[in-house]
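J.: Pasting a structure here, questions to come.
Residue numbers (the UniProt record's numbering), protein chains in the order written: chain A, 1 to 252; chain B, 1 to 252; chain C, 1 to 252; chain D, 1 to 252; chain E, 1 to 252; chain F, 1 to 252.
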């Protein structure tokens with residue numbers, strides 16, 4: 001919060017100075033995260049990871065896009081929980097499109113999109129594709145989810161003594177809870193966490209979504225065992241890895 | 001920041017409990033605010049006023065929409081300043097549409113949209129109109145800008161000993177600077193403030209926008225004389241007045 | 001009507017000849033205008049002022065866009081009056097976009113948009129912005145409402161002996177009625193004019209719009225005292241001022 | 001012009017009275033019409049035929065939509081002539097959609113769309129289809145082009161002593177010129193008419209359109225022989241026939 | 001199926017080789033075709049004619065766009081028949097737009113769009129126009145319906161001994177049935193053909209569409225007399241003529 | 001081709017009879033598939049699997065949507081290969097939306113979308129969500145990719161003696177090649193197959209896409225070892241599993 005990497009805390013001449021350095025656009029969601037995590041979890045994590053990354057790569061963080069694409073039952077619990085505020089696909093595309101387009105118009109050419117909401121990705125990438133076509137590819141745009149760059153050994157360490165249910169079901173579960181304990185412990189209510197087995201992945205999608213498609217509490221896997229330390233492991237590994245990607249893709 | 005009125009800090013069962021009470025959707029912009037105010041000024045102010053209002057009316061504050069409609073030269077300095085990230089009209093309509101639409105689907109019927117960026121208004125209201133048609137008008141939606149409800153005597157008090165240049169030119173000037181000194185003084189750099197006469201309103205719009213249409217520093221009126229105390233006057237009067245509106249429009 | 005400035009009355013070779021001179025695009029609305037003014041008031045006024053301006057600046061007038069953006073209760077009475085035909089925001093943007101875009105493709109670079117319906121403005125300007133980006137800013141586009149350029153002393157003279165209720169409430173009131181008495185007296189029914197105090201401005205917008213938000217007769221301020229002479233004052237001052245703007249913006 | 005059938009000349013209470021009677025929405029174009037006819041020909045004809053029809057069926061005429069879909073070389077000369085102002089398909093759909101939608105919201109259920117520009121039709125009908133779905137088909141909407149209802153014997157009479165080149169090529173030719181001589185002779189310059197054989201129809205469309213695809217003067221068939229009398233024949237037959245259609249479709 | 005002209009049967013290096021030769025994009029519909037023809041008739045015919053044309057002009061055939069614009073009662077029976085799957089206008093425009101746009105990006109500059117569904121045409125041509133503007137007209141695009149290029153003497157021969165009802169009513173009638181007997185006789189059920197007089201053309205469109213607007217069996221004209229031989233006549237003449245057009249438009 | 005499950009081969013009365021039974025909408029892509037598989041691979045596979053499924057569940061197969069969403073480098077090779085015809089996200093949403101919407105209007109309530117192109121999924125599901133909202137959820141819609149339902153033991157059997165590179169890289173590799181050898185061996189050129197290690201998955205997306213992001217031949221993993229027998233295993237297991245899903249989701 002006190003980061004001096006946040007563009008919204010800078011004056012425009014300060015931001016102008018950052019023109020040749022990377023900028024990071026965090027995007028999350030406004031979505032139920034079970035009984036023990038706040039609705040803003042994805043947006044909060046996107047912002048924090050982005051700030052850590054900015055420290056590492058001398059970058060600047062844009063305001064987080066706090067609303068994302070529609071929650072799906074088996075990756076986010078789905079639309080039936082109050083507090084899950086879903087945007088249409090076109091809206092997600094357009095808001096990312098306009099932000100990227102304006103950054104490029106301002107002369108930025110090293111852009112990272114840091115996503116923290118699984119369901120966003122296809123629509124974010126559509127926006128990146130459209131902007132890239134329109135601007136002739138002058139900017140290099142890297143997009144990643146915070147979980148994608150984690151090396152297997154880090155995942156193993158994070159789940160040491162625990163069972164990894166697969167990324168799709170890691171909703172309000174060990175990784176998100178641990179990251180929140182690391183970044184914003186005051187917003188986590190471990191005493192309310194439902195320590196149950198969670199949902200099972202399915203090989204298909206069925207509409208309409210129904211009550212009962214996922215556990216009524218909203219979590220998709222057991223958060224038991226979450227810790228700030230596991231959260232730190234994830235955050236550090238993600239930042240390390242994305243910093244390496246940026247070095248490779250943005251050149252010196 | 002520590003407000004317990006923020007929906008993004010709540011769990012979904014907590015938010016569900018708030019269903020019969022008002023919700024407030026703050027919307028700002030990402031726009032240059034002269035030499036002494038941060039780019040996030042509008043978004044920061046929208047969020048703070050919304051939180052104060054939430055305290056008063058027992059409401060809940062949604063995550064701020066941090067990006068808004070295109071900055072105009074004579075109300076926000078225009079598009080040529082780095083850091084001014086402009087969204088297309090359709091994007092502004094759609095993002096507000098989706099948020100309102102989901103709130104209503106979750107059963108909320110008392111909604112306030114608190115706007116802090118002049119240029120947003122027509123597009124916000126278009127979204128409200130579309131959602132109202134689609135949902136048969138089940139929700140009462142109040143939209144206001146923080147400056148609109150201020151009674152004349154408050155404006156007079158705020159500008160006591162100063163000259164009021166009109167609301168359009170109040171960009172990075174006395175009212176915004178005072179509000180920032182009240183809400184987020186650590187982000188204000190009064191030592192960099194350019195104390196000049198500012199821009200003059202024009203009776204027409206001309207495109208393309210050109211360098212020189214507004215002062216190069218980005219402010220449209222003189223911020224000299226800004227103070228946290230004047231900011232508090234504005235904030236309190238705005239909240240008082242909107243609370244009165246809510247009482248009248250939302251019934252008991 | 002008999003003006004030889006109207007593009008729709010010209011053959012294409014005549015219009016082609018006008019390529020280096022200004023063109024004026026009038027836009028109005030189809031909206032209730034109280035008991036004594038016709039529904040076409042805004043479109044009729046836009047066209048007449050545009051023709052007068054064309055005479056002054058050696059310009060050409062395009063066909064009036066007769067349908068505009070949604071009427072708002074406190075500037076036009078709102079959507080509940082029969083005869084108020086509201087276009088969606090996107091439609092208003094697109095129709096203006098296409099007209100401007102085609103004019104520029106035909107080689108015109110001095111364009112005035114003359115608006116007579118308050119609610120249109122944000123959407124017109126969005127269209128101008130989009131076209132300007134797409135065409136690299138080759139054309140200079142001036143947009144104004146007929147009331148915006150009026151100097152204060154003219155407003156004072158127009159309201160000599162009367163009370164000026166503010167521009168938003170000047171709907172079917174002294175200025176519009178006087179302009180209609182000046183330009184199209186045969187369409188004005190002064191005997192049916194409701195001479196009441198009118199509506200009061202509000203500091204916020206509330207949806208859904210309800211019967212009773214504005215006076216049932218449709219006027220927002222008292223038209224008593226309207227006269228062709230006052231209308232002529234307005235028309236002349238508007239044309240004078242916009243001609244001055246054109247001289248400045250379009251060069252020699 | 002002096003017609004008391006024009007909605008834009010009515011007050012809203014007058015228009016409200018017309019709610020159970022037919023309304024007519026004229027749509028034309030802004031398109032080159034050769035050397036001797038004005039650019040507004042289609043819009044002018046749409047309006048006049050609509051007013052005549054209104055007289056016959058006790059209907060009301062809405063303001064003409066003066067801009068239409070893109071001119072095609074072999075029905076209107078194509079986009080390369082200055083003065084041809086083409087709207088995109090989506091814009092034509094949306095403007096008609098919004099007008100119809102608002103009429104139905106105002107309680108009108110007997111609607112005629114009178115088209116005078118060949119290229120508009122598919123997009124008009126798309127709008128009608130969309131509005132009909134959205135409103136559950138409560139309104140009966142009849143759409144026609146002024147030439148479609150003409151009985152063969154009338155066409156024969158109109159072309160008595162002349163050669164009928166087919167409707168597509170009847171651009172700025174005998175029928176349009178005659179109708180203009182009937183309705184607005186002061187806008188017709190017969191002395192400039194190019195009396196040449198005109199263009200030939202083609203069995204395909206080719207893009208890009210090129211100079212030379214059609215005669216450089218802009219006419220597609222020979223207007224020689226046009227007369228106000230032939231125009232009156234067309235107008236009367238069209239009105240007769242559409243009145244018969246309305247009687248059948250709208251019931252009493 | 002056995003054609004080696006089909007792009008979907010080629011590998012990409014084979015397709016790349018075809019870059020300087022013509023490509024053909026067939027588009028049909030999914031629409032009722034009476035009691036005796038399959039729902040896929042238009043798509044099947046578009047594909048077959050395209051393959052024959054490809055053989056003649058050394059071209060390549062893209063996958064058929066199998067879904068088209070909304071069926072109209074008097075050209076395709078209309079929307080009330082099960083099996084008629086109608087696309088919105090915007091969808092038809094966009095799918096054609098994207099295909100053409102990608103072909104041009106791949107370096108193809110000689111493109112034929114072969115249409116077999118009357119209602120598609122305006123929307124196809126809108127797509128062609130948009131792509132042509134966006135790409136600066138680098139590709140020559142020819143669009144035709146299979147019936148448009150037929151010389152009058154061929155039509156006469158095809159209808160030798162029969163009555164030609166006009167192209168609009170040629171739905172599930174002699175020409176389509178004959179073409180299907182020529183190309184895909186196994187899908188034709190002549191024993192179920194309803195040999196009735198059919199529908200009559202109308203001079204206007206009326207919405208909503210109603211049961212009874214067309215014959216309940218779905219055919220618009222009498223298919224009696226259809227034969228593979230007549231089908232071959234049509235196919236050959238169409239291919240001959242379009243090949244001639246391609247030679248003229250695509251240069252050597 | 002000979003299947004009597006294909007809707008495009010049925011007459012409309014036959015299709016109407018199928019109203020209470022499941023319908024299957026296959027969607028593929030038009031995308032490079034290396035040196036040995038045809039560009040139509042995804043569309044061909046979608047259609048064949050759909051027909052097999054239709055046999056099993058007494059269903060009907062709609063015409064395949066042959067064009068899909070943009071190919072990504074690490075799941076389909078990306079946009080730089082000739083023959084990869086990419087649709088924009090909105091187009092993919094709209095075409096699926098319209099098809100589903102019309103099926104539901106025709107009374108079908110048991111719908112399967114069978115996808116064969118990884119990149120399509122998010123956009124297909126957006127369409128399903130939109131249609132479900134618009135129609136109040138009257139139809140049950142199941143969406144799956146052919147690879148998703150395969151049980152682990154089947155995957156193991158399919159890759160017996162081979163290395164499974166992960167589904168994303170299974171492009172033009174063992175599973176697609178085997179399925180093509182099973183369904184359409186005449187279109188497979190094993191002699192041209194490039195038996196190399198293939199591409200590696202990446203933890204992020206980078207734009208612009210560049211030559212060299214993937215192997216120049218277009219395959220992402222080694223197709224060596226592909227066989228019709230392995231293809232049959234996949235096809236059978238997919239159909240078995242989806243049939244089970246349909247039984248569960250569609251009720252009796």
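Beta carbons: idealized from backbone N, C-alpha and C, even for Gly.
As the structure is a computational prediction, the values presented were derived from the model and not from experiment.
Among A/8, A/21 and A/73, which one has its Cα closest to the Cα of residue 84 of chain B?
T.: A/8
J.: Report the option in F/234, F/46 and F/183 whose CA atom is closest to the CA atom of residue 151 of chain F.
T.: F/234
J.: Chain B partners of residue 43 of chain A, CB-CB under 7 Å?
T.: 8 and 63
J.: Specify the secondary structure class of residue 144 of chain E as computed by DSSP and reduced to three states.
T.: strand
J.: Using a Cβ-Cβ cut-off of 8 Å (strictly less than) and excluding sequence neighbours within five positions of residue 23 of chain D, which residues of its own chain qualify?
T.: 7, 59, 60, 61, 62, 103, 108, 110, 111 and 112
J.: For residue 19 of chain E, name the three-state secondary structure that DSSP assigns.
T.: It is helical.
J.: According to DSSP, is residue 122 of chain E helix, strand or coil?
T.: Three-state result, residue 122 of chain E: helix.
J.: When you compare the CB of residue 35 of chain D with every CB in chain C, is at least one pair closer than 7 Å?
T.: With 7 Å as the cut-off, residue 35 of chain D counts as an interface residue toward chain C.
J.: Can you list the residues of chain G that residue 203 of chain C reaches, using a CB-CB cut of under 7 Å?
T.: Going by chain labels, chain G is absent from the structure shown, which instead holds the protein chains A, B, C, D, E and F.
J.: Applying the 10 Å Cβ sphere with the 16-neighbour rule, what's the burial state of residue 212 of chain D?
T.: exposed
J.: Are the region 86-94 of chain A and the region 116-127 of chain A in contact at 8 Å, needing three or more beta carbon pairs?
T.: yes
J.: Here's the rule I'm using: 16 or more other beta-carbon atoms within 10 Å means buried, otherwise exposed. How should residue 81 of chain C be labelled?
T.: buried
J.: Report the rounded CA-to-CA distance for residue 42 of chain D versus residue 116 of chain D, giving the unit in angstroms.
T.: In a straight line, the C-alpha of residue 42 of chain D is about 5 Å away from that of residue 116 of chain D.
J.: Can you tell me where the beta strand (DSSP E) with residue 206 of chain D in it begins and where it stops?
T.: 205-207
J.: Would you mind giving the Cβ-Cβ distance between residue 179 of chain D and residue 227 of chain D, rounded to the nearest angstrom? I have them listed as a contact below 8 Å.
T.: Contact between residue 179 of chain D and residue 227 of chain D does not hold, since the beta-carbon distance rounds to 11 Å and is not under 8 Å.
J.: Any idea what DSSP makes of residue 82 of chain F, helix, strand or coil?
T.: coil
J.: So, using beta-carbon positions, are residue 192 of chain A and residue 97 of chain A closer together than 7 Å?
T.: no
J.: Helix, strand or coil: how does DSSP classify residue 70 of chain F here?
T.: If DSSP states are grouped into helix, strand and coil, residue 70 of chain F belongs with coil.
J.: State yes or no: is the beta carbon of residue 74 of chain F nearer than 7 Å to at least one beta carbon in chain E?
T.: no
J.: Going by the CB atoms, is the gap between residue 201 of chain E and residue 172 of chain E shorter than 7 Å?
T.: Not in contact: residue 172 of chain E and residue 201 of chain E (Cβ atoms no closer than 7 Å).
J.: Could you tell me which uninterrupted beta strand (DSSP E) segments, each at least 3 residues in length, are contained entirely in the region 192-237 of chain E, listed from first to last along the chain?
T.: 205-207
J.: For a contact meaning CB atoms closer than 7 Å, what does residue 90 of chain B contact in chain A?
T.: 94
J.: Give me the DSSP bridge partner(s) of residue 111 of chain A.
T.: According to DSSP, which records beta bridges pairwise, residue 111 of chain A is partnered with A/23 and A/141.
J.: To the nearest whole angstrom, what separates the beta carbons of residue 163 of chain E and residue 143 of chain D, a pair I think is in contact under 8 Å?
T.: Their Cβ separation, rounded to whole angstroms, is 28 Å, which puts residue 163 of chain E and residue 143 of chain D out of contact at 8 Å.
J.: For a contact meaning CB atoms closer than 7 Å, what does residue 187 of chain D contact in chain C?
T.: 9
J.: Which word fits residue 31 of chain B, buried or exposed, when buried means at least 16 other C-beta atoms lie within 10 angstroms of its C-beta?
T.: buried
J.: Enumerate in chain order the residues of its own chain whose CB-to-CB distance from residue 154 of chain D is below 8 Å, with the five nearest sequence positions on each side excluded.
T.: 233, 234 and 237
J.: Relative to the C-alpha of residue 156 of chain F, which residue among F/140, F/174 and F/45 is closest?
T.: F/174
J.: Any idea what DSSP makes of residue 7 of chain A, helix, strand or coil?
T.: Residue 7 of chain A: helix per DSSP, three-state reduction.
J.: Answer with yes or no whether the minimum CB distance from residue 206 of chain D to chain E is below 7 Å.
T.: yes
J.: Which residues of the region 106-135 of chain B have a Cβ closer than 8 Å to any Cβ of chain A? Give them in chain order.
T.: 106 and 107
J.: Determine, for residue 14 of chain F, whether the minimum Cβ-Cβ distance to residues of chain A falls below 7 Å.
T.: no
J.: Which class does residue 182 of chain E belong to by DSSP, given the choice of helix, strand or coil?
T.: helix
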